[in-house]
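K.L.:
Okay, handing you the structure first.
Structure (structure tokens):
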């Protein structure tokens, strides 16, 4: 039924507007009168529980950052069966993001192009939202990035501000240095630049688990170097991967892709490279206590199981929600069971 709704109605809506409509529905599903009934249909089986980062995840499958930037849909996403929600990307300074339009569908590829630009209400507001959510059961990760108005040379202090606001409340923090939509951000992935940043955020995070999120477009040797750095600094893990700037191998016609302009591609087009990066990360740090969250091109339970078999601790998705509908996590959890 959702496939028919998507083909006839949803794909005709402007993508960002459709996302806001979906978030409204998700918030309703997480409301006190509705959530118990939704959860009764979607609750993951106890056999799917995963111990990681000091908490018990009810399912290995969660929502990637970018879907719920301001922690407004966490209760609904948890009710729908996701094992955790990574909110954000959150910046220390509230910002509107890039000019619209900034989100585009690659329907033939079941993918997206986005150049959202970290639109969010800021770390202080996110902290207030998470504080209210702490009365619930959802596992919440907080993905933090650089404020656009802050120069790259001042990025460390900017990240530390967000870390101090969110670390006392989140189940884990993720340092995003890999979005292609903030000028200069990916340059922070260079090991010599990344080391002082991660050291400072680690110290600010205190006991809260800390991970770093990397791009799929890094050369293999840089993936290995960042992974080894994360282990050396005693970070708790790594998230692989963010969206890609590559346009190779897309089914969508080249003229349409070009008309969308710049931005990161997500969904199945990034799947193969995401798997390659997962393998590189696990080869660099095989220790299972080092948490690896795999994201990129995940659509089915087979995709999730493939990531787990390749060494992922947890798996995330985002784009599949648009193409597979609100009971996507339920289907994956039932098939995994």
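In this note's numbering, the protein residues as written are 18 to 354.
We put the CB at the ideal spot given by N, CA and C, even for glycine.
1. Using the C-alpha atoms, what's the distance from residue 321 back to residue 288?
2. Mind checking who residue 112 pairs with in its DSSP beta bridge?
3. Is residue 131 near residue 86, with beta carbons less than 8 Å apart?
4. Compute the Euclidean distance between the alpha carbons of residue 123 and residue 93, then round it to the nearest angstrom.
5. At which residues does the beta strand (DSSP E) containing residue 106 begin and terminate?
6. Kindly list the residues whose CB is nearer than 7 Å to the CB of residue 213, restricted to its own chain and excluding five residues on each side of it in sequence; keep chain order.
7. Taking the DSSP output, what are the residues bridged to residue 159?
8. Along the chain, where does the alpha helix (DSSP H) containing residue 54 start, and where does it finish?
9. Taking only three categories from DSSP, how would you classify residue 125?
10. With distances taken Cα to Cα, identify the nearest neighbour of residue 139 among 154, 110, 166.
11. On the three-state DSSP scale, how would you describe residue 73?
12. Do the stretch 158-167 and the stretch 277-294 meet, that is, are 3 or more Cβ pairs less than 8 Å apart?
13. Apart from the five residues on each side of it in sequence, which residues of its chain come closer than 7 Å, Cβ to Cβ, to residue 267?
14. Expressed to the nearest angstrom, what Euclidean distance is found between the alpha-carbon atoms of residue 105 and residue 262?
15. Output yes or no for whether 8 Å exceeds the beta carbon distance between residue 302 and residue 244.
16. Round the Cβ separation of residue 81 and residue 334 to the nearest angstrom and send it over; I've been treating them as touching at under 8 Å.
17. Would you kindly report the start and end of the unbroken beta strand (DSSP E) that includes residue 255?
18. Short check: CB of residue 176 to CB of residue 166, under 8 Å?
19. Does the distance from the C-beta atom of residue 158 to that of residue 187 stay below 8 Å?
20. Between 58, 100, 272, 53, which lies nearest to residue 75 when the distance is taken from Cα to Cα?
21. Distance, Cα to Cα, residue 230 vs residue 30?
22. Sort out for me which residues DSSP pairs residue 120 with in a bridge.
23. To the nearest angstrom, how far is the alpha carbon of residue 115 from that of residue 197?
24. Which same chain residues end up closer than 6 Å to residue 316 when comparing Cβ atoms and leaving out the 5 residues on each side of it in sequence?
25. Determine the direct distance from the alpha carbon of residue 91 to that of residue 53, and round the result to whole angstroms.
P.N.:
In terms of the structure at hand:
1. 11 Å
2. 137
3. no
4. 26 Å
5. 102-107
6. 173
7. 104, 190
8. 52-59
9. helix
10. 110
11. strand
12. no
13. 123, 126, 274, 286
14. 20 Å
15. yes
16. 6 Å
17. 254-257
18. no
19. yes
20. 100
21. 31 Å
22. 131
23. 12 Å
24. 337
25. 14 Å
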